[in-house]
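Okay, structure first, notes after.
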Amino acid sequence: MSGERAGMLSIGDFSRYAGLSIRMLRHYDERGLLTPAEVDPSTGYRWYEPAQLWRAGRIRSLRDAGCGIAQIAELLPLFDEPDELKSRLEAHLEALDVEARRLDAQRSLTASLTSAIDERAAPVAVRRREFPGLRVLLLRRTVADYPAEGELWADLRRLLGQPSEVDQSRFGDAIGATYFDEEFRDEDVEMAIWREYAGDLAPRSGFEIASLPVQSVAWATHRGGFDTIGRTTEAIGAWVASRGLTRVGPMFNVYVVGPGREPNPDAWITEVNVPVA
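Take any residue in the sequence shown, count from 1 to its spot, add 113: that is its number in this note's numbering.
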């Protein structure tokens, strides 16, 4: 160690008190996040003031919360502006929630792929039928991605919690979702959720009463979680093409047994429908 500095902390002591390795302290110095109070010109040895422990602690907390170097640099000055800092951290929290959903979906799919190695999947039975016309209560919106469909169902549940707005006795059995984009989309997905409904509702915030048309569809039953529903849509696509048919409308799902009725994804039953001609 170079000569002592009265009232200052060596890089080793500062590392211990701050909970940051010496390697990371040097990295933060290089990036301009945490510059030593003094550097010995002959040895390059770093010294820190005790007051810098506060800044080091904020850096450590932001790092552990998943913030990168650039984001930490933007957020550090905002500790003197609590309202702005709170707003920025809430935005970061939303981004973490999105990432958590993505990782959860990846984990679920990996588990399915692992179990499928020792199982021979039964062939998907695709058929054609006439889908009856339905009068439905519908909520249509563009959402971030397909898993964000849950946000629409949450909005519908809030509406159903207002007995003066919706007559629960007028609902039928059919529940589903329609996907309007021509192609599969990674983001900005236009969809609608719906429930068969014989009552009335004044249009508001995307909610409306609509009629689903009578239409000829190619359809198949998918059993299990949505992470493996691609196998069913693949089978329908191959079936439609092999018979010289054409898709003539948006694909839609009918949730025979879905998340709203059964928490266990293994018990879910989804009818996947593709209008054809």
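Don't be surprised by glycine CBs; every beta carbon is placed ideally from N, CA and C. The structure displayed is predicted, hence computed values, not measured ones.
According to DSSP, Y368 sits in a beta bridge with which residue or residues? Here residue 368 refers to the residue found at position 255 of the sequence shown. For Y368, which the question treats as bridged, DSSP gives the partners T383.
Given D142 as reference, the closest of I172, A119, E321 once Cα atoms are compared: Translated into the one-based positions of the sequence shown, residue 142 becomes position 29. Taking only the C-alpha atoms, the option nearest D142 is I172.
Nearest neighbour of T341, chosen from D379, L188, Y130 [CA to CA]: Counted from its first residue, the sequence shown places residue 341 at position 228. With distances taken between Cα atoms, T341 lies closest to D379.
Could you have a look at P388 and say whether DSSP puts it in helix, strand or coil? As a first step, residue 388 must be located in the sequence shown, where it is residue number 275. Three-state result, P388: strand.
To the nearest angstrom, report how far apart L122 and D210 are at their CA atoms. In the sequence shown, the residue the question calls residue 122 occupies position 9. In the sequence shown, the residue the question calls residue 210 occupies position 97. One C-alpha to the other measures close to 39 Å.
Can you name the residues that DSSP bridges to S123? Reading the sequence shown from its first residue, position 10 is the one you call residue 123. For S123, which the question treats as bridged, DSSP gives the partners W160.
Measuring only the C-alpha atoms, how far is P326 from R248? Counting from one through the sequence shown, the residue named residue 326 turns up at place 213. Counting from one through the sequence shown, the residue named residue 248 turns up at place 135. Going by the C-alpha atoms only, they are around 9 Å apart.
Check whether the Cβ atoms of M364 and T346 sit closer than 9 Å, and answer yes or no. In the sequence shown, residue 364 corresponds to position 251, counting from 1. In the sequence shown, residue 346 corresponds to position 233, counting from 1. It is a contact, given that the beta carbons lie within the stated cut-off.
Of the listed residues D313, G157, A290, nearest to E303 (C-alpha basis): Locating residue 303 in the sequence shown gives position 190, where the first residue counts as 1. Among D313, G157, A290, the Cα nearest to that of E303 is on A290.
Here's the rule I'm using: 16 or more other beta-carbon atoms within 10 Å means buried, otherwise exposed. How should P316 be labelled? If you number the sequence shown from 1, residue 316 lands on position 203. Answer is exposed; the Cβ neighbour count stays below 16.
Hey, P276 and A218 are a contact pair by Cβ (cut 8 Å); roughly how many whole angstroms apart? Looking up residue 276 in the sequence shown gives position 163. Looking up residue 218 in the sequence shown gives position 105. About 35 Å; that fails the 8 Å criterion.
Beta-carbon within less than 7 Å of S101's beta-carbon, same chain only, minus the 5 sequence neighbours each way: which residues are those? The shown model of the chain, from 114 to 390, leaves out residue 101, and the question about it has no answer.
Looking only at its own chain, which residues have a Cβ that is under 8 Å from the Cβ of V389, when we skip the five neighbours before and after it? For the purposes of this step, residue 389 is identified with residue 276 of the sequence shown, where counting begins at 1. Taken in chain order, the residues that qualify are R241, S329, V330, A331, V353, L358, T359, R360, V361.
CA-CA distance, L198 and D294? Indexing the sequence shown from 1 puts residue 198 at position 85. Indexing the sequence shown from 1 puts residue 294 at position 181. So the two alpha carbons sit approximately 37 Å from each other.
If the criterion is Cβ atoms closer than 9 Å, does the pair W160 and R118 meet it? Position 47 of the sequence shown, counted from the start, is the residue given in the question as residue 160. Position 5 of the sequence shown, counted from the start, is the residue given in the question as residue 118. Against a cut-off of 9 Å, the Cβ pair of R118 and W160 comes out as a contact.
Please report the distance separating the alpha-carbon of I124 from that of A183. Along the sequence shown, read from residue 1 onward, the residue named residue 124 stands at position 11. Along the sequence shown, read from residue 1 onward, the residue named residue 183 stands at position 70. Using only the alpha carbons, I get a separation of about 24 Å.
CA-to-CA distance, G132 to V152, given in whole angstroms: Here residue 152 is taken as the residue at index 39 of the sequence shown, counted from 1. Here residue 132 is taken as the residue at index 19 of the sequence shown, counted from 1. One C-alpha to the other measures close to 21 Å.
Whole-angstrom C-beta distance between L250 and I322, which should lie under 8 Å: Here residue 322 corresponds to residue number 209 of the sequence shown, with the count starting at 1. Here residue 250 corresponds to residue number 137 of the sequence shown, with the count starting at 1. The Cβ separation is near 6 Å, so the contact holds.
Pick from A178, L265, S221 that is closest to G337, judged by C-alpha positions: Translated into positions along the sequence shown, residue 337 becomes position 224. Closest option to G337, Cα to Cα, is S221.
Look up H335 in the DSSP assignment and give the residues it is bridged to. The sequence position of residue 335 within the sequence shown is 222, counting from 1. For H335, which the question treats as bridged, DSSP gives the partners T383.
Would the beta-carbon of R144 fall within 9 Å of that of A178? Numbered from 1 along the sequence shown, position 31 holds the residue referred to as residue 144. Numbered from 1 along the sequence shown, position 65 holds the residue referred to as residue 178. Not a contact, by the Cβ cut-off of 9 Å.
Among W381, G371, V367, R374, which residue has its Cα nearest to the Cα of P245? Start at 1 with the first residue of the sequence shown, and residue 245 comes out as number 132. Nearest of W381, G371, V367, R374 to P245, Cα basis: V367.
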